[in-house]
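What follows is a short report on a single structure.
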Amino acid sequence: MTIRIGNAPCSWGVEFAEDDRNPTWETVLKECSEAGYKGIELGPVGFMPEDPAILGDGLAKYDLELIGGVVFRPYHDPDAWDDVLDATHRTAKALKAHGAEQMVLIDSIAKRRAPTAGRATEAEQMGKEEWVAFRDRIVESAKIGSEEYGLTVSIHAHAGGFMDFEPELERLLSEVDEKILKICFDTGHHSYAGFDPVAFMKRNVSRISYMHFKDIDPVVKAKVIEDRADFYDACGRGIFCKLGLGDVDFPAVRQVLLDAGFEGWCTVEQDIDPTLDVTPLADNRYNREYLESVGFK
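301 is the number that my numbering gives the last residue of the sequence shown; the numbers go up by one with no jumps.
Structure, rendered in structure tokens:
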């Protein structure tokens with residue numbers, strides 16, 4: 005059995021391709037390699053070069069494998085569907101060009117949900133018709149990735165979107181065929197949402213095709229919940245901490261994966277706010293060394 009550890013551009017503060025605060029894509033590849041990783045995600049489509057020859061040379065230069073990519077778009081907004089489709093196809097083409105297998109779908113931050121991140125009982129819920137349309141957009145995107153491009157497509161719950169809390173994730177999974185939609189399980193977002201990551205993994209590990217490793221500072225989490233802070237405020241306060249310093253039990257996560265015979269990539273995502281005093285190279289070397297210390301090799 006082989007579990008491989010990769011990283012992602014969001015660990016360097018890259019959330020949106022057009023953000024002028026982003027480091028260069030070459031810096032991300034270089035520092036990812038220097039931190040001891042062998043795999044990297046695509047990041048938001050448009051951040052890495054979409055010319056396969058240019059990105060291929062960069063990956064080879066730093067001895068990195070492209071793992072997968074994320075379609076982080078507003079699936080909750082029917083008026084944004086053209087943008088969602090564009091990102092779906094562009095991401096899938098880039099992954100296919102480099103032999104990557106994992107395409108992850110994430111409903112991006114919604115104005116109606118960001119204010120109640122981490123507070124499931126207060127969050128606005130979709131009505132039946134809105135939910136069905138939302139679900140069907142996810143399904144169409146998943147079918148494009150799985151049937152047109154031959155990728156493994158998974159859904160990722162994310163704080164501040166409409167696919168956030170455990171009941172929403174479980175509802176979607178119960179309504180969509182496993183053949184076209186797996187789970188990319190993010191340990192940190194599940195904790196931020198107020199649920200137990202390890203318990204969820206034990207129940208659903210057979211459907212997990214890909215992992216995102218993120219940790220949550222329990223002191224910051226308790227304070228932002230108490231203060232009724234929104235998602236952006238929580239990020240600014242540093243809710244996403246280095247691995248092993250938060251409330252996610254990574255040794256237990258590892259054991260669930262081992263018991264299930266999981267094979268594949270687990271990608272570190274220490275989301276950072278680039279406006280803070282951050283040290284992504286040092287942090288990601290630390291994260292790699294921490295994972296090795298608890299048995300991930």
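In this text, a Cβ means the ideal position worked out from N, Cα and C, and glycines have one as well.
For residue 279, which three-state DSSP category applies?
Start at 1 with the first residue of the sequence shown, and residue 279 comes out as number 275. Correct three-state label for residue 279: coil.
Would you give the residue range spanned by the alpha helix (DSSP H) that residue 95 belongs to?
Here residue 95 refers to the residue found at position 91 of the sequence shown. 85 to 101 is the extent of the alpha helix (DSSP H) around residue 95.
Neighbourhood of residue 67 by C-beta, 8 angstroms cutoff - its chain only, sequence neighbours within 5 removed:
Working through the sequence shown from its first residue, we reach residue 67 at position 63. So the list reads 37, 42, once near-sequence residues are dropped.
Host alpha helix (DSSP H) of residue 289 (start-end):
To locate residue 289, count along the sequence shown from 1; it is residue 285. Start and end: 284 to 297.
Strand pairing of residue 141, partner residues [DSSP]:
As a first step, residue 141 is located in the sequence shown; it is residue number 137 there, counting from the start. None, per the DSSP bridge assignment.
Need the endpoints of the alpha helix (DSSP H) that residue 216 sits in, please.
By 1-based counting over the sequence shown, the position of residue 216 is 212. Premise fails: residue 216 lies in the beta strand (DSSP E), 212 to 217, not in any alpha helix (DSSP H).
I'd like the list of long-range same chain contacts for residue 164, defined as Cβ closer than 6 angstroms, with 5 residues on each side in sequence excluded.
Locating residue 164 in the sequence shown gives position 160, counting from the first residue. Residues of the same chain with a CB within less than 6 angstroms of the CB of residue 164, apart from the 5 flanking positions on each side, are 113, 117, 118, 121, 235 in chain order.
When you compare the stretch 255 to 262 with the stretch 194 to 203, are there three or more beta-carbon pairs, one atom per stretch, that lie closer than 8 angstroms?
By the Cβ criterion, the stretch 255 to 262 is in contact with the stretch 194 to 203, since at least three pairs of Cβ atoms, one from each stretch, lie closer than 8 angstroms.
CB contact flag (residue 9, residue 298, <8 angstroms)
Position 5 of the sequence shown, counting from 1, holds the residue named residue 9. Position 294 of the sequence shown, counting from 1, holds the residue named residue 298. Result no, Cβ atoms of residue 9 and residue 298 do not sit closer than 8 angstroms.
Check this for me: beta carbons of residue 107 and residue 177, under 8 angstroms apart or not?
To locate residue 107, count along the sequence shown from 1; it is residue 103. To locate residue 177, count along the sequence shown from 1; it is residue 173. Cβ distance not < 8 angstroms, so residue 107 and residue 177 don't count as in contact.
Would you please state the rounded distance, in angstroms, between the beta carbons of residue 74 and residue 110? I believe it to be under 8 angstroms.
The sequence position of residue 74 within the sequence shown is 70, counting from 1. The sequence position of residue 110 within the sequence shown is 106, counting from 1. Separation of the CB atoms of residue 74 and residue 110 is rounded to 6 angstroms, and the pair is thereby assigned contact status at 8 angstroms.
Just to confirm, is the Cβ distance from residue 224 to residue 17 under 8 angstroms?
Working through the sequence shown from its first residue, we reach residue 224 at position 220. Working through the sequence shown from its first residue, we reach residue 17 at position 13. Judged by beta-carbon spacing, residue 17 lies beyond the 8 angstroms limit of residue 224, meaning their Cβ atoms are not closer than that value.
Residue 169 versus residue 265 - alpha carbon distance:
The residue labelled residue 169 in the question sits at position 165 within the sequence shown. The residue labelled residue 265 in the question sits at position 261 within the sequence shown. Taking the straight line joining both Cα atoms gives about 27 angstroms.
For residue 296, is the classification buried or exposed, using 16 other Cβ atoms within 10 angstroms of its Cβ as the cut-off for buried?
Along the sequence shown, one-based indexing puts residue 296 at 292. Answer is exposed; the Cβ neighbour count stays below 16.
For residue 232, three-class secondary structure by DSSP
Taking the first residue of the sequence shown as position 1, residue 232 is located at position 228. Note: residue 232 maps to coil in three-state DSSP.
Paired residues, beta bridge with residue 159 - DSSP
Your numbering for residue 159 matches position 155 in the sequence shown. Per DSSP, 109, 187.
Residues of its chain near residue 82, where Cβ-Cβ distance is below 8 angstroms and the 5 sequence neighbours each way are ignored:
Taking the first residue of the sequence shown as position 1, residue 82 is located at position 78. Excluding sequence positions up to five before and after residue 82, its CB lies within less than 8 angstroms of the CB of 137, 141, all in the same chain and listed in chain order.
Does DSSP classify residue 258 as helix, strand or coil?
Position 254 of the sequence shown, counted from the first residue, corresponds to residue 258. In the three-state scheme derived from DSSP, where H, G and I count as helix and E and B as strand, residue 258 is classed as helix.
Ignore the nearest five residues each way along the sequence and tell me which others in residue 100's own chain have a CB closer than 6 angstroms to its CB.
Along the sequence shown, one-based indexing puts residue 100 at 96. Excluding residues within five positions, the ones whose Cβ falls inside 6 angstroms are 153.
Residue 243, DSSP secondary structure in three states
Your numbering for residue 243 matches position 239 in the sequence shown. Of the three classes helix, strand and coil, the one that applies to residue 243 here is coil, per DSSP.
Hey, would you say residue 53 sits closer than 8 angstroms to residue 32, going by beta carbons?
Numbered from 1 along the sequence shown, position 49 holds the residue referred to as residue 53. Numbered from 1 along the sequence shown, position 28 holds the residue referred to as residue 32. Not a contact, by the Cβ cut-off of 8 angstroms.
Which whole-angstrom value is the C-beta distance of residue 184 and residue 150, which I expect to be below 8 angstroms?
Mapped onto the sequence shown, residue 184 falls at position 180. Mapped onto the sequence shown, residue 150 falls at position 146. Yes, residue 184 and residue 150 are in contact; Cβ-Cβ is about 5 angstroms, under 8 angstroms.
Measuring alpha carbon to alpha carbon, tell me which of 192, 34, 301 ends up nearest residue 62.
Here residue 62 corresponds to residue number 58 of the sequence shown, with the count starting at 1. Per the Cα distances, 34.
So, are the CB atoms of residue 240 and residue 277 less than 8 angstroms apart?
By one-based count along the sequence shown, residue 240 stands at place 236. By one-based count along the sequence shown, residue 277 stands at place 273. With a cutoff of 8 angstroms on beta-carbon distance, residue 240 and residue 277 are scored as near each other.
So what does DSSP say about residue 71, is it helix, strand or coil?
For this step, residue 71 is matched to residue 67 along the sequence shown. In the structure shown, residue 71 sits in coil (DSSP, three-state: anything other than H, G, I, E or B).
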